[in-house]
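Below, the structure written as structure tokens:
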């Protein structure tokens, strides 16, 4: 499926903590999400967590991003890549690469903007190594003695298998075979095994382990055949991190206390997009209407050619110690339109500092940021602060200005909220009040609640938002998840929200089209209309979108997982909006879909997944059928190939029949540890036929680029 040019990342932050013998990794997102299913590879060091980004009033453009949970002793516990799942526009997946074979489960987080990964028996991996200011001595060689014939054959077989596994990207299994060789008495095979182990660790994402092996190689075999390569590799690898004692001295702290840790995550990327662009333009996505859900029967591509160069920066710097946690976040995207230079734009999506003090439980975030609750509905420039005044209670305040422009108006907002971690066992939530103004008039007044319930395998989240001034509900939403011991997952969703959100400023989008001059501020609009009339107009021109879903997925064999879902979508009619929605949008009525999924894993290798999706749609004036197939396969060294095919047929009551089929191929290649090259080619062939019409079209979309993961 063709992806839109990207301007923001939905993956926000990753944190790890100990929970008994397990490690819990909390993945936070910049938009509401819902966990769908998990899939693990046979090797145990690769898994995928599928989730949906829920449609809201804020429309994030979704791009690939990466985070890692480092180990105190070097390397990483898990490397997370967030990318498109290839089924629908808002279907996403987290690709998890573990440093070693790991059993895990996924569960919803404390709110609808997080997912938690529970890694079995990995708590010890998060414990810093004991202070050791002296370099660790080189491990002694096993006692020298001649190898038996069986040992020589075992060494030769293990080396050959390790080379093949490294070529296939199976670095964890390769390390196991190389350790077999290194456990044998000194012989010529140990020289190659030590260099291969350094190579495997480096490509696996463990530069500290690779450095240790290269240094050991040069100590033991300074004139060995790989000595020159080892010296060159050590020049490339970063210098070792300071010891715990050195870090404590630098911080002026007692070495017995936990030393400060500093991490840098994120990516730098350059992408070139060509072919046909998406129907939903950036102007539409940046408008208050941008959160409208996109339906399966919507046209995938438009007939407008595009040639765009997109550069993005995502930087997340963090410093933590026993008393505080400081984060600096920057996300920015520059789009150069090579066909229409006047359309060049720069979009700064995040630039903030976040500071937490552990002891008093205080937090301050200042700058451009995405909403984290409390009734804030979109990206804003401002400040939010919180203070924990009791073990389970927290008070918060927020103030700022929305970043998305509303013609020439000036908007401001402020609000307060009260959070309760646990009012009763497993039950918590928050209450909020928020006030927004536009050109000095009350734009939006929100009173709402966000509730959560955690009861063993069952999680339920709910949101309510009511505007007492405009007398209407903005949001009534609930989602729940039940996860069985066998990884059966049942999801239920109901979401009804105003589209766009009830705000007085929306009156500027729905002005009288015959007026000679269109107002660009609320002050100008009030010169011709009264405030009560404008409020009534906002209520009359606000549509509501309703989404409901029930889905279940269940493993049926070690290699197969089956799922089914029933969905309802209903989007109310919208009148024309100049430049953004020039023809308006008719109401969809109730659009029902019934889907069945079949997910296969490890059918021909230790790392391949297959998703087959069949969806039947029924709308008031049409019915359609969608069949899609998506594959992800690790091929060779660092390659990931993802071919896909979508077949869609729609028949309308008028007799018009539309057929579309869209093959695609996405490929990525991991270069060394940090560099990733990726590209995609998608085509769409369509035919529309009726008694008086027979039209065919062929469209192509492609992109290629390079990403460096920090």
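Numbering (the numbering used here), first residue to last: 53 to 762.
Ideal placement from N, C-alpha and C gives every residue a C-beta, glycine not left out.
Between the CA atoms of residue j and residue i - distance to the nearest angstrom
i	j	result
residue 448	residue 416	10 Å
residue 612	residue 102	15 Å
residue 242	residue 216	17 Å
residue 583	residue 548	27 Å
residue 200	residue 82	60 Å
residue 766	residue 472	The structure shown does not extend to residue 766, since the chain is modelled only from 53 through 762, so no value can be given for it.
residue 178	residue 435	32 Å
residue 754	residue 137	17 Å
residue 675	residue 757	38 Å
residue 371	residue 496	37 Å
residue 75	residue 175	4 Å
residue 312	residue 374	7 Å
residue 637	residue 288	56 Å
residue 668	residue 647	6 Å
residue 597	residue 142	16 Å
residue 602	residue 696	25 Å
residue 367	residue 260	22 Å
residue 128	residue 155	16 Å
residue 65	residue 409	18 Å
residue 580	residue 557	15 Å
residue 456	residue 608	47 Å
residue 694	residue 734	12 Å
residue 746	residue 739	7 Å
residue 672	residue 709	15 Å
residue 325	residue 390	10 Å
residue 236	residue 203	8 Å
Same chain only: Cβ atoms within 6 Å of residue i, ignoring 5 sequence neighbours per side
i	result
residue 713	699, 737
residue 157	170
residue 511	160, 533
residue 378	371, 407
residue 52	Residue 52 is absent from the model: the chain starts at 53 and stops at 762.
residue 308	Low confidence applies here, because residue 308 scores a pLDDT of 44, under 50, leaving its location unreliable; read the following figure in that light. Contacts found: none.
residue 164	84, 513
residue 303	Bear in mind that the predicted position of residue 303 carries a pLDDT of just 46, short of 50, making it unreliable; the figure below should be weighed with that in mind. Here the set comprises 312.
residue 381	368, 402, 404
residue 681	664, 697
residue 364	321, 385
residue 542	534, 604
Unbroken alpha helix (DSSP H) run spanning residue i, endpoints
i	result
residue 593	583-593
residue 288	279-288
residue 201	201-219
residue 264	259-272
residue 233	223-234
residue 256	240-256
residue 577	574-578
Residue from the options whose Cα sits closest to the Cα of residue i
i	options	result
residue 619	625, 604, 740, 609	604
residue 617	609, 645, 608, 640	645
residue 222	246, 254, 237	254
residue 144	463, 105, 750	105
residue 540	509, 585, 734	509
residue 227	198, 203, 258, 238	258
residue 521	269, 538, 494	494
residue 79	72, 73, 87	87
residue 571	642, 650, 531, 461	461
residue 689	715, 659, 683, 670	659
Close Cβ partners of residue i (< 8 Å) along its chain, the five nearest in sequence each way excluded
i	result
residue 412	439, 440
residue 251	218, 262
residue 655	611, 662
Span of the beta strand (DSSP E) around residue i
i	result
residue 657	Careful: residue 657 lies outside any beta strand (DSSP E) and carries neither H nor E.
residue 817	Residue coverage of the chain in this structure runs from 53 to 762, which leaves residue 817 outside it and unanswerable.
residue 400	397-409
residue 513	510-519
residue 746	746-761
residue 133	128-136
residue 675	674-687
Neighbourhood of residue i by C-beta, 7 Å cutoff - its chain only, sequence neighbours within 5 removed
i	result
residue 707	742, 743
residue 516	500, 501, 527, 528
Min CB distance residue i to chain B below 8 Å
i	result
residue 231	Judged by its chain identifiers, the structure shown contains no chain B, having just a single protein chain.
Q.
For the stretch 459-471 against the stretch 522-532, do three or more pairs of beta-carbon atoms, one drawn from each stretch, fall closer than 8 Å, so that the two count as touching?
A. no
Touch check for the stretch 481-488 and the stretch 417-431: three-plus C-beta pairs under 8 Å?
yes
Three or more beta-carbon pairs under 8 Å between the stretch 203-211 and the stretch 140-150, yes or no? no
Can you confirm whether the stretch 668-682 touches the stretch 692-709 when touching is taken to mean that 3 or more C-beta pairs between the two stretches lie within less than 8 Å?
yes
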